[in-house]
Amino acid sequence: MTNVILYQIEELEKRLSETSIDELLQASYISWDEELLNDQFYGNALKLYILLSYSPFFCRENSVKIFYNRYYWFMTFVEKFKLKNGDDAGLDQQAFQLLEEVEEIDGTIDWGIVEQLNNQVIQEVQLPELLVRSP
């Protein structure tokens with residue numbers, strides 16, 4: 142089920158290669174630590190989250206599908222960050238704030254899918270040989 146909801150990694154990486162993350166962040170008045178963005182282990186997941194959140198291309202897409210994809214990639218970033226650096230209350234807070242954005246979405250979120258995505262992320266990050274979507 143979640144495979145249908147998530148964009149193909151090839152499609153996202155193509156969009157990412159055509160996009161300046163710095164320009165997206167500047168246009169959105171958002172700042173992220175360059176060290177986080179450039180980290181070899183979790184930086185790409187963060188960049189994909191930013192791409193899905195702020196790219197004009199994805200802003201035109203189905204808001205429910207975008208939410209699921211944003212959630213997946215942000216949680217991939219969070220779980221990889223935790224694996225490398227330990228728990229971070231600030232990131233946990235941001236993940237909770239992302240869930241609060243559901244109220245602003247034009248459509249219905251299936252919380253069962255959100256739970257599946259969360260479980261998938263945890264499994265993929267803890268068992269890297271299963272990691273299909275995140276480089």
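Per our numbering: the sequence shown = residues 142 to 276. We put the beta carbon where it would ideally sit given N, CA and C, even for glycine.
Between residue i and residue j, which are expected to be in contact by the criterion C-beta below 8 Å, what is the C-beta distance as a whole number of angstroms?
i: residue 199; j: residue 246; result: No, residue 199 and residue 246 are not in contact; Cβ-Cβ is about 14 Å, not under 8 Å.
Measure the C-alpha to C-alpha separation of residue i and residue j and round it to an integer number of angstroms.
i: residue 157; j: residue 148; result: 13 Å
i: residue 250; j: residue 264; result: 22 Å
i: residue 175; j: residue 252; result: 33 Å
i: residue 259; j: residue 266; result: 11 Å
Taking buried to mean at least 16 other C-beta atoms within 10 Å of its own C-beta, is residue i buried or exposed?
i: residue 168; result: exposed
i: residue 276; result: Confidence is the limiting factor: at residue 276 the pLDDT is only 42, short of 50, which leaves the residue's position unreliable, though a coordinate-based value still follows. That one is exposed.
i: residue 211; result: buried
Is it the case that the CB of residue i approaches a heavy atom of the ligand ADP more closely than 8 Å?
i: residue 151; result: As presented, the structure is devoid of all ligands, the ligand ADP included, so that no description of it is given.
Could you name the residues of the same chain whose beta carbon sits closer than 6 Å to that of residue i, not counting the 5 residues immediately before and after it, in chain order?
i: residue 297; result: The requested residue 297 is not part of the displayed model; the chain covers only 142 to 276.
i: residue 274; result: Here residue 274 scores only 47 on pLDDT, less than 50, and its place in the model is too uncertain to base an answer on.
Within the chosen definition, does the stretch 186-195 reach the stretch 224-237 through at least 3 CB pairs nearer than 8 Å?
no
Cβ contact check for the stretch 214-224 and the stretch 179-190: 3 or more pairs under 8 Å:
yes
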